[in-house]
Structure formats: C-alpha cells, structure tokens
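With the sequence shown counted from 1, adding 151 to any position gets you the numbering used here. All residues carry an ideal CB built from backbone N, CA and C; glycine is no exception. Just so you know, these numbers come straight off a predicted model, no measurement behind them.
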Amino acid sequence: MEIKTLPPINVLYYSTETTLKDLGQYVFNVAKQLYTECCKTHILPTGPVYWVYYGADGNPDKVFTLEIALPVNHPPIASSLFKFKQLPAFKCIEAVHYGNWNELHTTYAQVVPALLAEGHTLSNCSREMYVNIDLTHPQNNITTLQIGVL
Numbered sequence: 152m153e154i155k156t157l158p159p160i161n162v163l164y165y166s167t168e169t170t171l172k173d174l175g176q177y178v179f180n181v182a183k184q185l186y187t188e189c190c191k192t193h194i195l196p197t198g199p200v201y202w203v204y205y206g207a208d209g210n211p212d213k214v215f216t217l218e219i220a221l222p223v224n225h226p227p228i229a230s231s232l233f234k235f236k237q238l239p240a241f242k243c244i245e246a247v248h249y250g251n252w253n254e255l256h257t258t259y260a261q262v263v264p265a266l267l268a269e270g271h272t273l274s275n276c277s278r279e280m281y282v283n284i285d286l287t288h289p290q291n292n293i294t295t296l297q298i299g300v301l
C-alpha cells in the first residue's frame, strides 16, 4: 500500500462529539448547510465534503470527535455559522469505496488489517472524502477513505 502525505486544506467545518451508531443524523444535513453558507457568504467550495474522524475505532458506542468539512477558497469575510481552519498535511493511505455507505466497513475491514500486516501504525485520525453522493441510488456513491498512519 502506498503511503501518501496529502497537502493542507482550507475548510469550513462543523464539529461534534458523536458515536458511529449516531452518524445518520449528520448525513446530508450538515453538507447542505455548508454549501448554503458558501452561497450566502460568497465563498467558493473547492472540493468535496470530508468527514474527519478523531478517535473512532470501529466500536459503535465509542464517543469520538467528528468534523464535517468543506474545502473552500478563503475564510468567511462576514460572520459564519461554521468555523474556518486549515486541515494539516495528512499522512495516510487511500482506498476507494464504490457503493452504499452501509458497506463502508467492508472496505475498512480489507484495508486496515493489510496496513497493520505491513507494519504500519494507525494514527487516531481518518477521513472520508465524498467524491459522489447519490442519495437516490446509493450504489453510485464514490467515497475515498483516507486512513491516517504514523
């Protein structure tokens, strides 16, 4: 598996404490608000929505920090519903998941053991980049997993 270091990304973002079993409440809702905020504040979205997981380990009941982030060209000029920051450079491996998000765990289940078998140590951060979101036909979703390594 190829280890990459991705460059920093400027984002508008929403942050919350949640669990894997409670993620459904954020699907589409926050992304829609982020895009709406960009229109209101004349900010250009420069990439797809990211979900950034800090401390998630696959346990559906474990509380972790979730940031839902949208890459943008600059900070808001006026006040915003969302915070702005730069996601730091990120050392990771990438894997693409095609299809329903209910099956994302199968891609993680293939990639994580292979990473560990190669002697890599996971960081406490992973990202999901939603390249194509199709809520009507979830089999058409394209999600890039970015699994952090040390």
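Since Val204 is in the beta strand (DSSP E), which residue starts that stretch and which ends it?
-> A small correction: the amino acid at residue 204 is Tyr; Val does not occupy that position in the sequence shown. 201 to 205 is the span of the beta strand (DSSP E), which, as asked, contains Tyr204.
What three-state label does DSSP hand His288 in the structure shown?
-> In this structure, His288 counts as coil in the three-state DSSP scheme.
Would you check if the distance between the CB atom of Asn275 and the CB atom of Asn283 is smaller than 8 Å?
-> With contacts defined as CB atoms closer than 8 Å, Asn275 and Asn283 fail to qualify as a contacting pair.
Bridge partners of Cys276, per DSSP?
-> In the DSSP output, where bridge partners are listed per residue, Cys276 has Tyr205.
Between Tyr205 and Leu238, what straight-line distance do the alpha-carbon atoms span, to the nearest angstrom?
-> Cα to Cα, Tyr205 sits roughly 12 Å from Leu238.
Starting from the Cα of Lys183, find the closest Cα among Tyr164, Ile298, Asn224, Asp173 and give me that residue.
-> Distance from the Cα of Lys183 is smallest, within the candidate group Tyr164, Ile298, Asn224, Asp173, for Tyr164.
Shortest alpha-carbon distance to Leu301 belongs to which of Val162, Leu266, His256?
-> The shortest CA-to-CA distance from Leu301 to any of Val162, Leu266, His256 is the one to Leu266.
Return the chain-ordered list of same chain residues with a C-beta closer than 6 Å to the C-beta of Gly198, the five sequence neighbours on each side being excluded.
-> Take Gly198, set aside five residues on each side of it, and the residues of its chain with a beta-carbon closer than 6 Å to its own are Pro222, in chain order.
Which partner residues of Ala129 appear in the DSSP bridge assignment?
-> What is shown of the chain runs 152 to 301, which leaves residue 129 out entirely.
Tell me whether Val262 sits in a helix, a strand or coil according to DSSP, three-state version.
-> Helix, per DSSP.
Which listed residue (Asn253, His288, Phe179, Ala240) has its alpha carbon closest to that of Ile154 = Answer by Cα proximity: Ala240.
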